[in-house]
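Read the structure below first, then the notes.
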Amino acid sequence: MLKLWSMKQEQQKADNATSGPKKKKVTAAQLRVQKDLSELSLGSTMKTTFPNPDDILNFVLTIEPDEGMYKGGRFSFNFAINQNFPHDPPKVKCKEKIYHPNIDLEGNVCLNILREDWKPVLNLNAVIVGLQFLFLEPNASDPLNKDAAEDLKSNREGFKRNVRAAMGGGSVRGESFERVLK
1346 MLKLWSMKQE QQKADNATSG PKKKKVTAAQ LRVQKDLSEL SLGSTMKTTF
1396 PNPDDILNFV LTIEPDEGMY KGGRFSFNFA INQNFPHDPP KVKCKEKIYH
1446 PNIDLEGNVC LNILREDWKP VLNLNAVIVG LQFLFLEPNA SDPLNKDAAE
1496 DLKSNREGFK RNVRAAMGGG SVRGESFERV LK
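Residues 1346 to 1527 (the working numbering) make up the sequence shown, in order.
Written as structure tokens, this is what we have:
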């Protein structure tokens, strides 16, 4: 019995010596994300960071709009991509509390290509361009934050003032916001 066990141990050592370290299998989702990330054309107002460099399926996109009502702010979005990507869209959530018709106070983002209009031919760049566009042209007709949308529709100047107040760390309609101005 002992001889059998020692022979098995020697065989395992020999197998390990010839095969070398085992490589982790790369999934289809990881390959697609790698391709999408390599093709990104981020302007000077955006950057990506990877909290875990070994995990490209979870990263943070920071947008610092240089025009529009949100100019001067810094907004971070968590991207979580599941193994069924590109058949499923990425999950995107804003880390900061923001006064915006298309981003609710919990950070959920209302962008059609993240829901019903997602198609596997779309890539991460399309999502990032969509997020950037939300800062340039907030959409009051498809809101997640109905108060902000109503504000934008009925009183654009008042909405702009509320955006500035929220970005400066003030409160709007009894809701407190953290300062996001750079």
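The beta carbon of each residue, even a glycine, is placed where N, CA and C say it ideally should be.
Please read these numbers as outputs of a predicted model, since none were measured by experiment.
query, result
"Residue 1447 and residue 1459 closer than 8 Å at C-beta", "no"
"Residue 1424 vs residue 1453 beta-carbon contact at 8 Å", "no"
"Residue range of the alpha helix (DSSP H) that includes residue 1414", "Where residue 1414 is concerned, there is no enclosing alpha helix (DSSP H), given that its DSSP letter is neither H nor E."
"Residue 1443 beta carbon less than 8 Å from that of residue 1435", "no"
"Contact check, residue 1394 vs residue 1409, beta carbons under 8 Å", "no"
"For residue 1470, the three-state DSSP class (helix, strand or coil)", "helix"
"Nearest to residue 1525 (by Cα), restricted to the options 1392, 1418, 1375", "1418"
"Where residue 1406 falls: helix, strand or coil (DSSP)", "strand"
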